[in-house]
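In the numbering used here, the protein residues as written are 10 to 325. As structure tokens, the structure follows; a few thoughts come after it.
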Amino acid sequence: MQLQNKSRIAYLGALTLLFSYAEMLLPRFIPFFRLGLGNICILLALGLPLPDFLILTLIKSVASSMLSGTLISPFFLISVSQSILSGLLMWILFKIKKNWLGIYGISLAGSALSGFIQIGISSLYLGKETFSLLGPMLIFSIFSGIITAFLSLILKIPEETPLLKETSKSSNPKLMIFFAIFILLIIIFSFMINNLILLGIILLLSVILQICLKRRFMILPHISMWTFVIIISLFSPQGIVLFKAGFIVITKDALLIGIEKSIKLSIAACLSQCIATIPVSDSTLPGLSLAYFRQLLSEYKNQKGSFIKKIQAVLK
10 MQLQNKSRIA
20 YLGALTLLFS
30 YAEMLLPRFI
40 PFFRLGLGNI
50 CILLALGLPL
60 PDFLILTLIK
70 SVASSMLSGT
80 LISPFFLISV
90 SQSILSGLLM
100 WILFKIKKNW
110 LGIYGISLAG
120 SALSGFIQIG
130 ISSLYLGKET
140 FSLLGPMLIF
150 SIFSGIITAF
160 LSLILKIPEE
170 TPLLKETSKS
180 SNPKLMIFFA
190 IFILLIIIFS
200 FMINNLILLG
210 IILLLSVILQ
220 ICLKRRFMIL
230 PHISMWTFVI
240 IISLFSPQGI
250 VLFKAGFIVI
260 TKDALLIGIE
270 KSIKLSIAAC
280 LSQCIATIPV
290 SDSTLPGLSL
300 AYFRQLLSEY
310 KNQKGSFIKK
320 IQAVLK
């Protein structure tokens, strides 16, 4: 890949991170239900050649997962799958049905497919009961698709890629690789065991490690995820009935399964935060995107006004 193309794709990837960063500031009470503001840049980049466009969607997933600390968790599989497949659908529709569908129709199609993919992949871990959320997810997708399409029409990406002011290189790459492999093995081990006590100990150590590495531990996302996973598990009653009120039935085995799945996801989330502390060289596309993102974020924070005005100022 030529340097100019590499820098351009990295810059566009950084813009998706900037939009996603603004979204991260918004409260999210249900996992997987997010506006997907990062898709604003994807809509703005539909004119790219297909290879460059697909690389951009991949960079969007990888870099955002590195930023949020979900790179080696099940959430990354959801992110990369829905980004590439929904992005590919939007690109194809843009090429063959641009004048007929318009940017709103293309955005809605991409958002709907993204919702299907998120629910489908989540069901592989959480169970088929997850499909009960498909209806609300599609309704939410319509809302998010309209918002991202509207914002993509009022924002313009500069034709020239700005220069990167600062660069960085990862130190002691062998040690970083060893650390990443060690963390990955712990996550694999945690998903292979079913002992709640041992899983609890691993989770406690994972939280301690995350805090020691100076990655902020936010308990609300974990509480939200636990609530969601346990409720989904209770949709499939198993074992002794612990509580029953009308159509609400809580069974022992279903509750334990929900807790077990929740602990495993929390372990993966905490250890992914630890992986995020590994410095990434700017010679790689994800690293270059993160470098551009830090530069854009600094400019964004120096602006005043609404989200749209700040973004417009940064893009100028």
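Using N, Cα and C, we set each Cβ at its ideal position, and we do this for glycine too.
Just list the residues that DSSP pairs Val250 with in beta bridges.
Residue 250 sits at position 241 when you count from the first residue of the sequence shown. Beta-bridge pairing links Val250 to Thr260.
Note down the Cα distance separating Lys318 from Lys325, rounded to an integer number of angstroms.
Translated into positions along the sequence shown, residue 318 becomes position 309. Translated into positions along the sequence shown, residue 325 becomes position 316. Near 11 Å, if we compare the C-alpha coordinates of Lys325 and Lys318.
Report buried or exposed for Leu27, applying the criterion of at least 16 other Cβ atoms within 10 angstroms of its Cβ.
Here residue 27 corresponds to residue number 18 of the sequence shown, with the count starting at 1. Looking at its Cβ environment, which holds 16 or more other Cβ atoms inside 10 Å, Leu27 is buried.
Can you give me the start and stop residues for the alpha helix (DSSP H) that Arg303 sits inside?
Position 294 of the sequence shown holds residue 303. Its alpha helix (DSSP H) spans residues Leu294 to Lys310.
Decide if Leu12 is buried, meaning its Cβ has at least 16 other Cβ atoms within 10 Å, or exposed.
The residue you call residue 12 lines up with position 3 of the sequence shown. Legend: pLDDT at Leu12 = 48, less than 50; position of this residue unreliable, value from coordinates given subsequently. With fewer than 16 other Cβ atoms within 10 Å, it is exposed.
Is it buried or exposed for Gln91, if we count other Cβ within 10 angstroms and need 16 for buried?
Here residue 91 is taken as the residue at index 82 of the sequence shown, counted from 1. Gln91 should be labelled buried.
Smallest Cα separation from Phe316: which of Ser29, Val238, Asp262 and Leu21?
What you label residue 316 is simply residue 307 of the sequence shown in a count that begins at 1. That would be Ser29, whose Cα lies nearest to the Cα of Phe316.
Grab me the residues of Met10's own chain with a C-beta within less than 7 Å of its C-beta, minus the 5 sequence neighbours each way, in chain order.
Here residue 10 refers to the residue found at position 1 of the sequence shown. Its pLDDT being 48, under 50, Met10 is placed unreliably in this model, and the coordinates cannot settle the point.
Start-end ranges of the alpha helix (DSSP H) lying completely within the region 166–235, minimum 4 residues:
Runs found: 182–201 and 205–221.
Nearest-angstrom beta carbon gap, Ile192 and Ile276 [assumed within contact, 8 Å]
For this step, residue 276 is matched to residue 267 along the sequence shown. For this step, residue 192 is matched to residue 183 along the sequence shown. Rounded to whole angstroms, the Cβ separation of Ile276 and Ile192 is 10 Å, and the two are not in contact under 8 Å.
So, at 6 Å on beta carbons, what are the nonlocal neighbours of Ser70 in its own chain, with the 5 sequence-adjacent residues on each side left out?
To locate residue 70, count along the sequence shown from 1; it is residue 61. Ser88, Val89 and Ser92.
Rounded C-beta distance between Gly45 and Thr66? I'm assuming under 8 Å.
On the sequence shown, position 36 is the one that residue 45 refers to. On the sequence shown, position 57 is the one that residue 66 refers to. No, Gly45 and Thr66 are not in contact; Cβ-Cβ is about 12 Å, not under 8 Å.
Alpha-carbon to alpha-carbon, Phe125 and Ser245:
The count along the sequence shown starts at 1 and reaches residue 245 at position 236. The count along the sequence shown starts at 1 and reaches residue 125 at position 116. Cα to Cα, the separation comes out at about 21 Å.
Is it right to say Val250 is buried, meaning 16 or more other beta carbons lie within 10 angstroms of its own, or is it exposed?
Stepping through the sequence shown from its first residue, residue 250 is reached at position 241. Val250 comes out exposed.
Between Ile49 and Thr157, how many whole angstroms is the CB-CB distance? I'm expecting something under 8 Å.
To locate residue 49, count along the sequence shown from 1; it is residue 40. To locate residue 157, count along the sequence shown from 1; it is residue 148. That pair is a contact at about 5 Å.
Inter-stretch contact at 8 Å, needing at least 3 Cβ pairs: the region 16–23 / the region 292–300
Contact check between the region 16–23 and the region 292–300: three or more CB pairs, one atom from each, fall below 8 Å, which counts as touching.
Going by C-alpha to C-alpha distance, which of Leu53, Leu57, Ser161 and Leu205 sits closest to Asn14?
For the purposes of this step, residue 14 is taken as the residue at position 5 of the sequence shown. Residue Leu57 holds the alpha-carbon nearest to the alpha-carbon of Asn14 among Leu53, Leu57, Ser161 and Leu205.
Nearest candidate by alpha-carbon position, reference Leu162, set Ala263, Ile232 and Gly111
Here the question's residue 162 lines up with position 153 in the sequence shown. Ranked by Cα distance from Leu162, the options Ala263, Ile232 and Gly111 are led by Gly111.
Have a look at Ile151 and Met99 and give me their C-alpha separation to the nearest angstrom.
For the purposes of this step, residue 151 is taken as residue 142 along the sequence shown, with counting starting at 1. For the purposes of this step, residue 99 is taken as residue 90 along the sequence shown, with counting starting at 1. For Ile151 and Met99, the distance between alpha carbons rounds to 15 Å.
Starting from Ser150, trace the alpha helix (DSSP H) in both directions and tell me its first and last residue.
Looking up residue 150 in the sequence shown gives position 141. Unbroken alpha helix (DSSP H) run through Ser150: Leu143 to Ile163.
Taking only the alpha-carbon atoms, compute the straight-line gap between Leu207 and Glu269 and give it to the nearest angstrom.
Taking the first residue of the sequence shown as 1, we reach residue 207 at position 198. Taking the first residue of the sequence shown as 1, we reach residue 269 at position 260. About 11 Å.
Whose C-beta lies closer than 6 Å to the C-beta of Phe84 among residues of the same chain, with five residues either side of it excluded?
Walking along the sequence shown from the start, residue 84 turns up at place 75. Residues of the same chain with their beta carbon placed closer than 6 Å to that of Phe84 are lacking, with the five preceding and five following residues left out of the count.
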